[in-house]
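Visitor:
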Amino acid sequence: MAVTIALTRLPELLADMVRETFVDDPFVRIQMLRTVDGDGLDDDDLDAAIDRQAPDMLIVGVDAGAADRTVPCDLLLGHPGLIALGLSTDGRFAWVCELRLEARPLRDVSPNGLREAVHRALLGRRR
Numbered sequence: 121m122a123v124t125i126a127l128t129r130l131p132e133l134l135a136d137m138v139r140e141t142f143v144d145d146p147f148v149r150i151q152m153l154r155t156v157d158g159d160g161l162d163d164d165d166l167d168a169a170i171d172r173q174a175p176d177m178l179i180v181g182v183d184a185g186a187a188d189r190t191v192p193c194d195l196l197l198g199h200p201g202l203i204a205l206g207l208s209t210d211g212r213f214a215w216v217c218e219l220r221l222e223a224r225p226l227r228d229v230s231p232n233g234l235r236e237a238v239h240r241a242l243l244g245r246r247r
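Count the sequence shown with the working numbering and you get residues 121 to 247, in order.
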């Protein structure tokens with residue numbers, strides 16, 4: 121079963137490079153996210169396009185000079201099943217963002233084990 125990767129906000133050359141990366145991959149289908157009219161997306165249109173085209177992953181270009189590179193992560197709040205890959209528009213940096221429910225069994229259910237698990241979980245959230 122093929123997965124769909126949608127591209128948006130990438131410079132055309134970078135979008136071409138991503139498409140070329142998967143051209144021979146039978147499990148990946150690439151599509152461009154666009155408005156219903158076929159125009160480029162602004163912030164208001166992006167959520168609607170994701171809902172309409174329902175990709176498995178979104179590769180979104182993020183301005184290489186931007187101080188805030190959390191744009192792909194913010195998209196997950198409205199689309200928790202989506203995996204977002206942020207790609208700097210100069211092609212030098214990339215990061216994957218996803219929301220995951222994860223259950224980890226505790227091996228030690230003693231008071232010390234519980235205390236350690238709580239501290240580890242809370243410290244992991246403070247980044």
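Note that beta-carbon positions come from the ideal geometry of N, C-alpha and C, so glycine has one too.
Does DSSP classify R227 as helix, strand or coil?
Guide: For the purposes of this step, residue 227 is taken as the residue at position 107 of the sequence shown. R227: coil per DSSP, three-state reduction.
Visitor: Going by DSSP, name the residue or residues bridged to R149.
Guide: Start at 1 with the first residue of the sequence shown, and residue 149 comes out as number 29. In the DSSP output, where bridge partners are listed per residue, R149 has T124.
Visitor: Specify whether the region 195 to 209 and the region 130 to 144 touch according to this definition: at least 3 beta carbon pairs, one from each stretch, less than 8 Å apart.
Guide: Yes, the region 195 to 209 is in contact with the region 130 to 144.
Visitor: Which value, in whole angstroms, describes the spacing of the CA atoms of L202 and A174?
Guide: What you label residue 202 is simply residue 82 of the sequence shown in a count that begins at 1. What you label residue 174 is simply residue 54 of the sequence shown in a count that begins at 1. Answer to the nearest angstrom: the Cα atoms are 9 Å apart.
Visitor: Assuming the contact rule is C-beta atoms closer than 8 Å, A204 and L197 should be a hit. Round their C-beta distance to whole Å, please.
Guide: Position 84 of the sequence shown, counting from 1, holds the residue named residue 204. Position 77 of the sequence shown, counting from 1, holds the residue named residue 197. Contact doesn't hold; Cβ gap of about 11 Å is too wide.
Visitor: What does the alpha-carbon distance come out to for the pair D183 and D144?
Guide: Your numbering for residue 183 matches position 63 in the sequence shown. Your numbering for residue 144 matches position 24 in the sequence shown. If I take the Cα positions, the gap works out to 28 Å.
Visitor: What is the DSSP secondary structure of V182, reduced to helix, strand or coil?
Guide: Counting from 1 along the sequence shown, the entry for residue 182 is found at position 62. Correct three-state label for V182: strand.
Visitor: Determine the extent of the alpha helix (DSSP H) in which V216 is found, giving its start and end residues.
Guide: As a position in the sequence shown, residue 216 is number 96, starting the count at 1. Taken as a continuous stretch (DSSP letters only), V216 belongs to no alpha helix (DSSP H), being part of the beta strand (DSSP E) at 214 to 217.
Visitor: Using C-beta distances below 8 Å, list every residue in its chain close to R247, excluding the 5 sequence neighbours before and after it, in chain order.
Guide: As a position in the sequence shown, residue 247 is number 127, starting the count at 1. Note on R247: pLDDT 45, under 50, position unreliable in the model; the coordinate value appears next. Cβ neighbours of R247 beyond the five flanking positions: none.
Visitor: Could you name the residues of the same chain whose beta carbon sits closer than 8 Å to that of A214, not counting the 5 residues immediately before and after it, in chain order?
Guide: The residue you call residue 214 lines up with position 94 of the sequence shown. Result list for A214: L205, G206, L207, S208, in chain order.
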